[in-house]
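Here the structure comes first, spelled out in structure tokens, and everything after it is commentary.
Number of protein chains: 2
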Amino acid sequence: MALVLDKARAARKASIGLSSLGSDVKNRALLHIATDIEENIEEILDANGVDLAEAERLVSQGRLSNALYDRLKLSSDKVRGIVESLRSVASLEDPVGRVLSKTELDMGLELSKVTVPIGVIGAVFESRPDVVPQISSLCLKSGNAVLMKGGSEAAHSNRMLYGLIKEASEGEGVPEGWIQLLETREEVSEMLNLDEYISLLVPRGSNQFVKYIQNHTRIPVLGHAAGVCHVYVDKDADLKIAKDIVLDAKCQYPAVCNAMETLMVHEEIAGEFLDLIKDPLFSAGVDLKGDRKACNIIEKANEACEEDWSREYNDLVLNVKVVSGVEEAVERINRYGSGHTDAIITENKEAADYFIRSVDSSSVMWNASTRFSDGFRYGLGAEVGISTSRIHARGPVGLEGLVIYKWILHGHGHVVADYVGRNAKKFTHKELV
Amino acid sequence: MALVLDKARAARKASIGLSSLGSDVKNRALLHIATDIEENIEEILDANGVDLAEAERLVSQGRLSNALYDRLKLSSDKVRGIVESLRSVASLEDPVGRVLSKTELDMGLELSKVTVPIGVIGAVFESRPDVVPQISSLCLKSGNAVLMKGGSEAAHSNRMLYGLIKEASEGEGVPEGWIQLLETREEVSEMLNLDEYISLLVPRGSNQFVKYIQNHTRIPVLGHAAGVCHVYVDKDADLKIAKDIVLDAKCQYPAVCNAMETLMVHEEIAGEFLDLIKDPLFSAGVDLKGDRKACNIIEKANEACEEDWSREYNDLVLNVKVVSGVEEAVERINRYGSGHTDAIITENKEAADYFIRSVDSSSVMWNASTRFSDGFRYGLGAEVGISTSRIHARGPVGLEGLVIYKWILHGHGHVVADYVGRNAKKFTHKELV
């Protein structure tokens, strides 16, 4: 039981030195990790092979899905992808040490607000071993120590990658103990209680998995449990645009959190638009569930039940609802949605403005597909995750989600007593940056 | 039991409309509240009188401290202070709707990151009725709905102020239900479970009180449980500056969180500096507790025990420790401190840089008093609180601590399918703002 506590303490201790490590050291460490992984592809694939052998057994017994098996499997191409992404993290701007503001409080008394790392991050994820280098490189770049627990199916792969990362980074001067590997569920349970040492959790995995984490810790969680995304096609929509976006949002990659789960159509154009879209959707293999009105238009659709409206299918299934207008669409999004990403298709600026203002989601799209909601597409350089939390960071989160700031006040013997009471000196509060 | 849930639901509903309310409406409401409070001073003082009568009884029975009684007591001056601060909140810049960034993802596809309110704030505080207009004005200005629970000793005062605020603001078009008053401890317990509706808690009160809140909810808490602030006097300090700052940090207002609790002195100058500072400290009525070395220099000091080093006295008591240098000082601050505010006094830039980099606190002072750590002095316009959390907002927090952002993507029929695979279009990721 003491083991995780020791790891957390070691990480906390390392995080102090890591927080002020120069960009040059961090980047050299990232490049060194990249090279070491590149030079050890065979050893990595061997370790992965041990995991795969065990996984095959589980698949044959029906205890592991083929999808999970695929995600577990590394290839030399995948490893080269890891190497490339490590190098690209090295080339990103350092998020630490940015001066967010600088104010003269009075002559000779200057206040700066400067970004610093959060401290210790807890990363918990399932199956995929490529998350180990990904998360650890983002933590290192942002000056954070990290405790990570990957899927037990990937134990050998994770251990191998962890070892390479630890050795290469510490060899370049990154404080010893900055990266810690946890291997059992019990260790995760223990970690969830260590709010004294761990300041942010980044879980990656299924809805149930993220929800479990959220419900069993007081440590803030950066992530999202569900992506129940909507597209609303307004009466003033360009129906060609609407068709393209609906097909993209549902079919381009249905297994992901920013894919559409519910389509809403304004009643005035419902007949025309659903007639237009139903065959392309059926051809793409989409199963349609509708409300009464939608089912009257689309004969092959089944009636949706109440639970369906808040369901994340992550699959070729789509709810269709005919609504009276943008107000009802907004009201339903805020009721049934998950605050992830929702879109309006309209040429009417007023309707769009109302939608953008009133939809309470981390990303709101106007005449664009929900599928754009993603750190890479948003140009964030790297994605730590997508957050549906309402504090700290929202939507696709880049490296800036792993930093906070510190206030630094530099005076020349300034005391508060001079600024109170009679003859009190006045603050100048002059913005310098 | 259902009551608090109903209040939270009503607040959540109001928060949607409130989030897009124009600055003009919010400011008119704030000014209307100010006028109504100004015109009802007598009624407010009458209501406060009822609370005071009951409080006097409790004081005479030894069940309420004189300090709490003083904080409970309103006067026409205090009410006029409230009115003034409401008008000053109206004059602040609206924190909502600020464009944090704008990026062209591709031709005709523009991404904006715009500040929005957090949603529903839970405010819990003790005794002082002036917190009701203060917190509600900050929430209103930042577009947040609020559930608030004040001290039960102030029930009549709080109810009167709440009624005036609700009526004046809703009369100006602020969505009904945006402000909700809770009156019992049971209601607070219930509120702490409503993480589905409430996105941030702002507790104000004693250490135990804030700690209780932190330990009994999954809702993020903006605040600080303790302020164990240090001043380290380096061997290269200007001792005149050191003396002024030590006296200010300890004696100017010892009851507050940014007052110093522990003084550390470099061993090379400990004799000289402690000789210089001890009499002024004793004259100010400060009780000194030291380590062995400090006690050898200051005869009248008592020896400190291990617990003292992490104690927040909020009183004229000071720990004194002789240290070997800046490294030990930093190490002790990170071990015994509360991450609030810590200062170094030195003319040596290298020592100062090391201290600033390595002290893991929300505010770090160089040759300035810890007492400057405050939203007003930092020029934030208004102070929501001081946070020792490591995400979202840290140190003195202004209105910007009550907002988050939303991503808005405006396209012209853009779909992700065009940006993947062969012949994929490339993102431009051009910074526009």
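Here the protein sequences line up with chains D and F, keeping their order.
Heads up: the first sequence at position 68 corresponds to 68 in the numbering used here, and the numbers run straight through without jumps.
Heads up: the second sequence at position 73 corresponds to 1073 in the numbering used here, and the numbers run straight through without jumps.
Virtual Cβ for every residue (Gly too), placed ideally from N, Cα, C.
| Check | Outcome |
| --- | --- |
| F/Gly1379 at chain D interface by Cβ criterion, 8 Å | yes |
| Whole-angstrom distance between F/Ile1219 and D/Ser189, CA atom to CA atom | 20 Å |
| Stretch-stretch touch, CB-based, cutoff 8 Å, three pairs: the stretch 1170-1182 of chain F with the stretch 1142-1151 of chain F | yes |
| Cβ of F/Ala1417 within 8 Å of any chain D Cβ | yes |
| Start-to-end residues for the beta strand (DSSP E) that takes in F/Tyr1405 | Val1403 to His1414 |
| Contacts of F/His1224 in chain D (Cβ-Cβ under 9 Å) | Within chain D, no residue comes near F/His1224; the closest Cβ sits about 14 Å away, beyond 9 Å. |
| Where F/Tyr1405 meets chain D, residues with beta-carbon distance less than 7 Å | Arg394 |
| Within chain F, partners of D/Trp366 - CB distance below 8 Å | Ile1408, Leu1409, His1410 and Gly1411 |
| Distance, F/Cys1251 Cα to F/Ile1269 Cα | 22 Å |
| Contact belief for F/Ala1382 with F/Gly1375 at Cβ below 8 Å, rounded distance in angstroms | 7 Å |
| Distance between F/Asp1036 and F/His1392 (C-alpha atoms, nearest Å) | 35 Å |
| Exposed unless 16 or more other CB atoms sit within 10 angstroms - verdict on F/Asp1051 | buried |
| Touching by the beta-carbon criterion (3+ pairs, under 8 Å), the stretch 1263-1278 of chain F and the stretch 1001-1013 of chain F | no |
| Stretch pair the stretch 1125-1135 of chain F + the stretch 1158-1171 of chain F: three plus CB contacts closer than 8 Å | yes |
| Residue-chain proximity (F/Ile1333, chain D), Cβ-Cβ < 8 Å | no |
| Euclidean distance between Cα positions of F/Val1384 and F/Leu1194 | 21 Å |
| F/Gly1290, enclosing beta strand (DSSP E) - first and last residue | Asp1287 to Gly1290 |
| Where the beta strand (DSSP E) containing D/Ile344 begins and where it ends | Thr341 to Ile345 |
| Amino acids of chain F, ordered along the chain, whose beta-carbon sits closer than 8 Å to that of D/Ala276 | In the sequence under discussion, the amino acid at residue 276 of chain D is Leu, which differs from the Ala named in the question. Here the premise fails: no neighbours, minimum Cβ distance about 15 Å. |
| D/Ile408 beta carbon less than 8 Å from that of F/Val1364 | yes |
| Closer than 8 Å to chain F by CB, D/Gln180 | no |
| Where F/Ser1283 meets chain D, residues with beta-carbon distance less than 9 Å | In chain order: nothing, as chain D lies at least about 15 Å away. |
| Counted within 10 angstroms of its Cβ, other Cβ atoms place D/Met107 as buried (16 or more) or exposed | exposed |
| Whole-angstrom distance between D/His224 and D/Lys149, CA atom to CA atom | 18 Å |
| Assigned exposure category for F/Gly1227 - 16 Cβ within 10 Å defines buried | buried |
| Min CB distance D/His414 to chain F below 8 Å | yes |
| D/Ala424 Cβ short of 7 Å to the ligand MN heavy atom set | Absent from the structure shown: the ligand MN. Ligands present: none. |
| Any C-beta of chain F under 8 Å from that of D/Leu109 | yes |
| Distance CB(F/Leu1092)-CB(F/Thr1115) smaller than 8 Å | no |
| Touching by the beta-carbon criterion (3+ pairs, under 8 Å), the stretch 293-304 of chain D and the stretch 340-348 of chain D | no |
| Per DSSP, cross-strand counterpart(s) of F/Tyr1253 | Answer by DSSP bridge pairing: none, since F/Tyr1253 is not bridged. |
| Presumed contact (8 Å Cβ cut-off) between F/Val1231 and F/Ile1213, rounded CB distance | With 8 Å as the limit, F/Val1231 and F/Ile1213 do not qualify as a contact, their Cβ atoms being about 29 Å apart. |
| D/Asn318 versus D/Glu272: straight-line alpha-carbon distance, rounded | Asn is not the amino acid found at residue 318 of chain D; the sequence shown has Leu there. One C-alpha to the other measures close to 18 Å. |
| CB contact check: F/Met1001 to chain D, cutoff 8 Å | Per-residue confidence for F/Met1001 stands at a pLDDT of 43, beneath the threshold of 50, marking its modelled position as unreliable; no derived number is given. |
| Cβ of F/Leu1201 within 8 Å of any chain D Cβ | no |
| Proximity winner among F/Asp1094, F/Asp1287, F/Lys1113 and F/Ser1112, relative to F/Ser1137 (alpha-carbon distances) | F/Asp1094 |
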